[in-house]
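Enquirer: So the protein lines, in turn, are chains A and B.
Mapping of the first sequence onto our numbering: residues 1 to 218, in sequence order.
Mapping of the second sequence onto our numbering: residues 1 to 105, in sequence order.
There's a structure below that I have some questions on.
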Amino acid sequence: MTGNSGSHGGHDHSHNDFQPDIKEPTENWELLEIALRELLVDKGVLSAREIQDEIEAWEKKSPEKGAEIVARAWVDEEFKARLLEDANRTIQEFGIEVEILKMVALENTPELHHVVVCTLCSCYPRPILGVPPLWYKSKQYRSRVIREPRAVLREFGTKLSDDTEIRVVDSTADCRYLVIPVRPVGTEKMTEEELAKLITRDSMIGTAQARDPIGQRS
Amino acid sequence: MKNRLISDIGGLPEGPLDLAEHEPTMTERRIDAMMMLLRAKPRSFWASDENRRTIENLEPDTYKKSEYYERWVLAMKELLLEKGILTEAEIENKLKEVRSRTEPS
């Protein structure tokens, strides 16, 4: 078995390395995970250390990276122009490696609102937004958002003006999207750092707008 | 209506969303981590669209009933076999061993 990162030294856990507060794997697919992992480690295809490091790297990935990028776009028109022109290259300025993907930044305005989905699976800009939320991967979201985006947005508590055009973009294995939400009014004096706190994960997927700094949520 | 792939669900009628956040289990994290490691450089055993293709080729019943990461681990198994990294026999034997170890005695 792989090393246990948690320390439960005083406990008697001779038989496995799962922490006691975590559900024991019992489903067939959970056992399949154990089998594949142990085979890959035994054969030297992967190491237990690498898997653990990858899990830790995942836990560090969060929408905060995306929020930093969007906040910069809000305060720096020239940066925003470059981001819209070539997101892959521009994002590298934030130290993010965007391997093979084509990243496309889409700017929301009061007239045009973008929403991102992956109808076929769960393609998501993980390098900048972390791991996708469960609803993003759900059949309900994937099925409905392209047909009735306004109704779906309402379930998120997001109400747009009837005059706002909604454009839903479908991600693929090779092309992922980052939405630049509308900068809320009354934020002219805020610093880039303060602005970044207004930029939520959902606002960069397009299912929500950026937080209202006065604390009201529409 | 044309025959849709099992994963081609865009536009179909569905119920309300469940917006609850989900803290991934250790099993889910490991599956995710392994998948990323296997398809990333330097290994590059497969590309992410092969992952999708494999999931789309699951039995329709399996696809519908399985959890998200369940589909991933099933796809990973298929791809490991397809790329000759593991064999059916190795996996079967290992699964037997894992089962006997995890069964409450």
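Glycine residues also receive a C-beta, built at the ideal position from the N, C-alpha and C atoms.
Just so we're clear, the structure is a prediction, and the values are computed from it rather than from any experiment.
Does any CB atom of chain B fall closer than 9 Å to the CB of alanine 67 of chain A?
Expert: So, not an interface residue.
Enquirer: Can you list the alpha helix (DSSP H) stretches of 4 or more residues lying completely in the segment 79-153 of chain A, in chain order?
Expert: Counting whole runs of 4 or more residues, the segment 79-153 of chain A contains the alpha helix (DSSP H) stretches 87-91, 126-129, 134-137 and 139-144.
Enquirer: Which residues in the same chain have their Cβ closer than 6 Å to the Cβ of serine 7 of chain B, if we skip the five residues on either side of it in sequence?
Expert: Glu56, listed in sequence order.
Enquirer: Can you say whether serine 171 of chain A is buried or exposed, counting buried as having 16 or more other CB atoms within 10 angstroms of its CB?
Expert: Classification of serine 171 of chain A: buried, given that the 10 Å Cβ count is 16 or more.
Enquirer: Mind pulling the chain B residues with CB within less than 7 Å of arginine 147 of chain A?
Expert: Those are Gly11, listed as they occur along chain B.
Enquirer: What's the C-alpha gap between alanine 105 of chain A and alanine 87 of chain A?
Expert: If you take the alpha carbons of alanine 105 of chain A and alanine 87 of chain A, they lie about 6 Å apart.
Enquirer: Under a Cβ-count criterion, where at least 16 other Cβ atoms within 10 Å of its own Cβ denotes burial, should alanine 47 of chain B be classed as buried or exposed?
Expert: Its Cβ having fewer than 16 others within 10 Å, alanine 47 of chain B is exposed.
Enquirer: May I ask you to verify whether the segment 174-185 of chain A touches the segment 90-110 of chain A, counting CB pairs closer than 8 Å and requiring at least 3?
Expert: As far as the Cβ criterion goes, the segment 174-185 of chain A touches the segment 90-110 of chain A, which means the pair count is three or higher.
Enquirer: Anything in chain A within Cβ reach of isoleucine 6 of chain B, meaning under 8 Å, just list it in chain order.
Expert: Within 8 Å Cβ-Cβ: nothing; isoleucine 6 of chain B doesn't reach chain A, min ~10 Å.
Enquirer: Exposed or buried, glutamine 92 of chain A, counting other C-beta atoms within 10 Å across all chains shown (16 or more means buried)?
Expert: Exposed, by the Cβ-count rule.
Enquirer: Measure the CB-CB distance between glutamate 220 of chain A and lysine 41 of chain B and report whether it falls below 9 Å.
Expert: The question about residue 220 of chain A has no answer, for chain A in this structure spans 1 to 218.
Enquirer: Express the C-alpha separation of histidine 22 of chain B and leucine 74 of chain B in angstroms, rounding to a whole number.
Expert: Using only the alpha carbons, I get a separation of about 21 Å.
Enquirer: Between the segment 197-215 of chain A and the segment 142-161 of chain A, do at least 3 Cβ pairs fall closer than 8 Å?
Expert: They touch, by the three-pair rule.
Enquirer: Check the DSSP bridge columns for arginine 176 of chain A and list the partner residues they point to.
Expert: Partner(s): A:Met103.
Enquirer: Taking only the alpha-carbon atoms, compute the straight-line gap between arginine 37 of chain A and tyrosine 63 of chain B and give it to the nearest angstrom.
Expert: Approximately 22 Å between the Cα atoms of the pair.
Enquirer: To the nearest angstrom, how far is the alpha carbon of glycine 130 of chain A from that of leucine 40 of chain A?
Expert: Approximately 26 Å between the Cα atoms of the pair.
Enquirer: With distances taken Cα to Cα, identify the nearest neighbour of arginine 183 of chain A among A:Leu83, A:Ala71, A:Cys118 and A:Lys65.
Expert: For the residues A:Leu83, A:Ala71, A:Cys118 and A:Lys65, the minimum Cα distance to arginine 183 of chain A belongs to A:Ala71.
Enquirer: Using a Cβ-Cβ cut-off of 6 Å (strictly less than) and excluding sequence neighbours within five positions of lysine 61 of chain A, which residues of its own chain qualify?
Expert: Same-chain partners within the cutoff: Gly130.
Enquirer: With a Cβ-Cβ cutoff of 9 Å, do alanine 73 of chain A and lysine 80 of chain A count as a contact?
Expert: Yes, the Cβ-Cβ distance between alanine 73 of chain A and lysine 80 of chain A is below 9 Å.
Enquirer: Going along chain A, which residues have a C-beta under 8 Å from lysine 77 of chain B?
Expert: Correct list: Leu32 and Leu36.
Enquirer: In three-state DSSP terms, what is arginine 167 of chain A?
Expert: Strand at arginine 167 of chain A.
Enquirer: Over what stretch of residues does the alpha helix (DSSP H) that includes asparagine 241 of chain A continue unbroken?
Expert: The structure shown does not extend to residue 241 of chain A, since chain A is modelled only from 1 to 218, so the question has no answer here.
Enquirer: Starting from serine 100 of chain B, follow the alpha helix (DSSP H) in both directions and report where the run begins and ends.
Expert: From DSSP, the alpha helix (DSSP H) with serine 100 of chain B extends over 88-102.
Enquirer: Step through the CB atoms of chain B and report whether any lies within less than 9 Å of the CB of aspartate 76 of chain A.
Expert: Answer no: the Cβ-Cβ gap between aspartate 76 of chain A and chain B never drops below 9 Å.
Enquirer: From glutamate 165 of chain A to threonine 109 of chain A, what does the alpha carbon distance come to, in whole angstroms?
Expert: Straight-line Cα distance between these residues: approximately 10 Å.
Enquirer: Once DSSP output is grouped into helix, strand and coil, what is the label at alanine 40 of chain B?
Expert: It is coil, neither helix nor strand.
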